[in-house]
Structures are given as structure tokens and as C-alpha cells.
Ligand code: IUR
């Protein structure tokens with residue numbers, strides 16, 4: 354058996370690691386018998402030299418097997434579905450998609466993450482609901498899937514422990530942005546959910562991990578290929594991440610927007626509905642609950658506009674600790690959201706400084722400023738302020754006259770600085786009607802080959 358230094362040397366010199374080599378490395382990481390400098394050196398060797406498809410699949414499988422792999426009752430075979438997004442701004446898709454899929458007959462054991470840097474996290478959003486508990490054991494997840502059909506929870510201690518160690522090491526060794534390491538991290542956690550079908554929302558654009566479509570596509574291909582090698586039906590959607598998804602950024606504001614969508618208000622957020630329907634449509638087709646993805650997308654849209662998904666969201670809230678009267682009040686047509694979720698102390702409306710058509714809003718700028726105002730965290734473990742955020746008051750393509758409010762910032766003390774206000778104003782892109790091009794978010798769909 355090779356020693357850890359020999360494995361590092363092999364990868365450093367451009368060699369291929371065998372399945373046994375990769376097992377040895379992941380076992381040493383999981384048991385803690387490896388030194389952290391050795392982990393860092395191996396990660397850097399992988400970052401430099403890359404891994405081929407076989408090595409990547411082997412790394413992913415060994416990571417998945419480093420902890421508990423969930424098991425489901427045989428009658429759910431073929432129905433287990435989940436999605437993963439590479440991180441967006443205002444991305445509240447999971448909040449609507451999980452209940453919509455459950456309403457269509459899927460079982461959705463969604464394991465989500467927290468926000469870091471400028472991207473938000475689904476768990477932080479859900480925790481803005483009083484009582485919502487993201488901690489659920491595998492046994493509790495099974496019970497919720499049996500009664501409700503979906504849950505959204507955090508990663509348990511026993512699930513993919515190797516990823517916890519490797520992710521923390523990547524974070525401090527400048528090795529986060531490595532295709533095989535990203536793939537191993539994402540797909541091992543989905544593999545441990547024992548899924549039938551997985552859809553990946555791989556984003557590209559100025560507010561995405563990968564700015565250009567080509568790099569995002571390379572990651573999407575590797576993710577799809579690796580998911581398939583692990584026996585999960587896997588597809589990817591390449592979606593544009595330039596502006597905000599929907600109209601809000603910030604934890605409780607995004608929960609409110611997801612609830613508005615689930616109450617049938619798709620008109621003000623067609624981009625959000627487009628993503629939910631595209632991702633859900635693929636999953637329904639892959640689980641055989643729809644004949645193809647366009648029929649799947651229609652079923653998802655009906656579950657959203659007809660109220661079935663809202664009922665599932667309410668049941669999921671109750672199953673995850675929210676008091677029934679709170680869940681009912683949030684789902685009522687005339688819900689007083691701010692009374693239930695709390696409201697930031699202050700609001701500031703920014704106005705357009707000239708006439709024009711709203712061509713674009715720089716989502717990255719909005720996310721960065723809102724993050725600094727307290728909505729996000731700069732280090733893992735820091736608290737976030739759920740009430741801080743920003744709401745877009747207009748739709749893309751809308752005509753705007755000078756003085757029209759376009760953005761409402763919800764903030765606590767201190768107020769946004771003049772620099773921050775200036776940055777926010779710079780996010781507004783106005784132009785002429787001739788320049789306006791309506792763009793869909795979904796650019797391409799990658800199906801397994
Ligand atoms: N999300 C993950 O779960 N793993 C990663 O490596 C990245 C995002 I980047």
C-alpha cells in the first residue's frame with residue numbers, strides 16, 4: 354500500500370491515482386490519520402494536475418461512502434429527486450421547487466447549505482421563519498418524506514464527513530475552484546441521499562461562480578457524468594446569473610417572495626417561475642412522473658399556481674417545527690408577513706435618476722451591499738440578520754421616469770453609507786426601448802449522454 358507522501362508525489366508529478374489510492378486518501382481524511390499539511394498538499398496537487406472522469410467518479414464515490422448513505426422504503430423506488438444550484442443572488446428556487454415536486458408525487462430529501470460570500474443559503478432563508486428547524490436525523494427525514502413528501506434540512510454529522518474536512522481545507526488552501534474537487538463535494542452529498550434523479554442548476558454570469566458559459570458548461574458536463582456514474586439520473590440546466598432572480602435579495606424577503614409565488618403570483622417574477630418549472634420539469638421526466646420535460650414543467654406550474662405546492666410548504670413547515678398557527682398565518686392570502694417574520698428597523702427607497710427602460714440590474718452589486726449591511730456572513734458560523742435585504746420595485750423591460758422608486762433597502766443601524774448608496778445606484782441600468790431584449794434565464798439543458 355502506498356504511503357500518503359507517495360500518493361501526493363504521484364499526483365504532483367501528473368500521474369493517475371488508482372481507485373485504491375483514492376480510497377486510501379479519503380479513508381485517511383475521514384479517520385483523521387492524515388496530517389492537515391498532507392491534505393493541503395494533495396488538494397493542491399489535484400488542483401494543479403486535475404483528475405480524469407474515472408478518478409473524479411472514484412473520489413466522489415469514496416467521499417459518499419465516508420459516512421452514512423440514506424436508505425428508503427422500497428415503495429419509493431424511482432421517486433427520489435433533488436436539485437443543486439451552484440449559487441445565485443435572490444435564488445429562492447428550492448423553497449418553491451421542493452414542495453412543488455412533492456405535490457407532483459416525488460420524494461424530496463433536500464439537503465441544503467448556508468450562505469457564504471455574496472451568495473445566499475436556503476437554510477438561512479428558512480431560519481427566518483420562527484420555529485423552523487433545519488436539523489433532522491435520517492430517521493426524521495424518512496418520517497417527513499412519508500407524511501409530507503419533502504423536507505429541507507442541513508447536512509447531518511454522519512453524512513459525507515470527508516467533505517466537511519476537505520471543504521474546510523480547500524477554503525484555506527486556495528483550492529476551492531477545482532472541477533474534480535467541486536464535483537466530488539457536490540455529487541457525494543447527493544449520492545448519500547440515494548437519489549433516483551438529480552438536476553443541477555449551473556449558473557454563469559457576473560454573479561455566478563463561473564462567469565462564462567464555457568467554464569460553467571465544463572463543470573455541468575463533469576457533474577452530469579459523475580452523477581450518472583454513481584447511478585443517479587442526472588441532468589443540468591445552464592442558467593444566466595446576472596440580475597437578481599425574482600425581485601428580492603435577503604433571507605426573510607426571499608421567503609416572502611417564495612410564498613407569493615406559491616400563492617400563484619407568477620406575473621411579477623416570471624424568471625423565478627421559469628427556473629422552478631424547468632428544473633422541476635426535468636426531474637418529473639427523469640422520475641417518470643411526466644412523459645417529457647415540457648409536460649413536467651406544466652405539471653410543476655399547475656402545482657404552483659393551483660395551490661397544491663403551498664399546502665406542501667405549509668405541511669413541511671409544521672413538520673420542521675413551525676407552530677401550526679404561524680404556518681397557517683404565513684400561507685393565508687392576506688398574510689402580514691412582516692408581523693410574523695419581523696421587519697428591519699428602516700427602509701430606504703432609491704429612485705431612478707433619469708427616464709428610461711429598465712434594461713438590467715447588477716445582481717452582484719446588490720448582493721455585495723446587502724451582504725455588508727448584515728444579510729450575509731464573511732466566515733462560516735457567523736450569524737446573519739434575516740430581516741436585512743433589498744426589494745426590486747420594478748420589472749426588467751419596464752418604462753421608468755426620473756424619480757420613480759426602483760429599489761427598497763431594508764436595513765438596521767447604521768444606515769447604508771453614501772458609497773454603498775452610490776454602488777446600489779450604479780446597479781441600475783436604464784436605456785432606450787430599442788435596446789431592451791427580453792432574455793430567458795435558461796440558456797441550455799444538458800441531458801446525460
Ligand atoms: N457547494 C458544495 O457543496 N461544494 C463545493 O465545492 C462548492 C459548492 I464550490
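Residue numbers (this note's numbering): 354 to 802.
Don't be surprised by glycine CBs; every beta carbon is placed ideally from N, CA and C.
I'd like to know whether the C-beta atoms of residue i and residue j end up nearer to each other than 7 Å.
i           : j           : result
residue 742 : residue 599 : no
residue 481 : residue 739 : yes
residue 394 : residue 387 : no
residue 634 : residue 649 : yes
residue 440 : residue 562 : yes
residue 396 : residue 528 : yes
residue 586 : residue 639 : yes
In terms of residues, what are the limits of the alpha helix (DSSP H) holding residue i?
i           : result
residue 861 : The requested residue 861 does not occur in the structure, where the chain is confined to residues 354 to 802.
residue 540 : 532-544
residue 771 : 771-779
residue 726 : No alpha helix (DSSP H) holds residue 726; DSSP gives it neither H nor E.
residue 614 : 604-615
residue 591 : Run containing residue 591: none in the alpha helix (DSSP H); it sits in the beta strand (DSSP E), 586-593.
residue 803 : In the structure displayed, the chain extends from 354 to 802; residue 803 sits before or after that span and is not available.
Using only CA atoms, which one of the options lies nearest to residue i?
i           : options            : result
residue 429 : 653, 728, 471, 549 : 549
residue 404 : 631, 649, 532      : 532
residue 455 : 597, 784, 637      : 637
residue 725 : 373, 469, 354, 447 : 469
residue 457 : 758, 566, 626, 656 : 656
residue 679 : 483, 380, 579      : 483
residue 695 : 764, 499, 569      : 764
residue 524 : 389, 463, 569      : 389
residue 565 : 544, 591, 576, 409 : 591
residue 358 : 706, 373, 378      : 378
residue 745 : 777, 772, 692      : 777
residue 500 : 530, 801, 538, 460 : 460
residue 436 : 619, 539, 502, 510 : 539
residue 406 : 685, 573, 771, 562 : 573
residue 684 : 771, 717, 614      : 614
residue 783 : 773, 750, 769      : 750
residue 560 : 471, 774, 411      : 471
residue 786 : 653, 710, 362, 526 : 710
residue 434 : 498, 372, 375, 530 : 498
residue 518 : 391, 492, 557      : 391
residue 699 : 767, 367, 645      : 767
residue 654 : 668, 631, 669      : 631
residue 485 : 796, 693, 712      : 693
Roughly how many angstroms lie between the CA atoms of residue i and residue j, to the nearest whole one?
i           : j           : result
residue 356 : residue 449 : 48 Å
residue 420 : residue 513 : 5 Å
residue 423 : residue 494 : 10 Å
residue 762 : residue 729 : 15 Å
residue 720 : residue 714 : 11 Å
residue 759 : residue 663 : 29 Å
residue 588 : residue 364 : 30 Å
residue 755 : residue 704 : 7 Å
residue 553 : residue 660 : 25 Å
residue 780 : residue 479 : 27 Å
residue 577 : residue 688 : 40 Å
residue 383 : residue 722 : 38 Å
residue 752 : residue 535 : 41 Å
residue 487 : residue 706 : 43 Å
residue 408 : residue 431 : 28 Å
residue 802 : residue 734 : 40 Å
residue 507 : residue 731 : 19 Å
residue 716 : residue 593 : 11 Å
residue 691 : residue 605 : 9 Å
residue 666 : residue 369 : 46 Å
residue 515 : residue 544 : 13 Å
residue 414 : residue 792 : 38 Å
residue 475 : residue 608 : 9 Å
residue 496 : residue 718 : 41 Å
residue 603 : residue 426 : 37 Å
residue 555 : residue 736 : 27 Å
residue 771 : residue 701 : 12 Å
residue 628 : residue 354 : 48 Å
residue 373 : residue 418 : 14 Å
residue 799 : residue 366 : 33 Å
residue 748 : residue 790 : 13 Å
residue 400 : residue 671 : 43 Å
residue 463 : residue 520 : 20 Å
Considering just the uninterrupted stretch of the beta strand (DSSP E) at residue i, what are its terminal residues?
i           : result
residue 743 : 742-745
residue 710 : 709-714
residue 556 : 550-557
residue 505 : 503-506
residue 434 : 434-438
residue 702 : 699-704
residue 764 : 758-764
residue 796 : 795-799
request  = For the ligand IUR, list every residue whose C-beta falls under 5 Å from any of its heavy atoms, going in chain order.
outcome  = With the cut-off at 5 Å, the residues found are 535, 538, 539.
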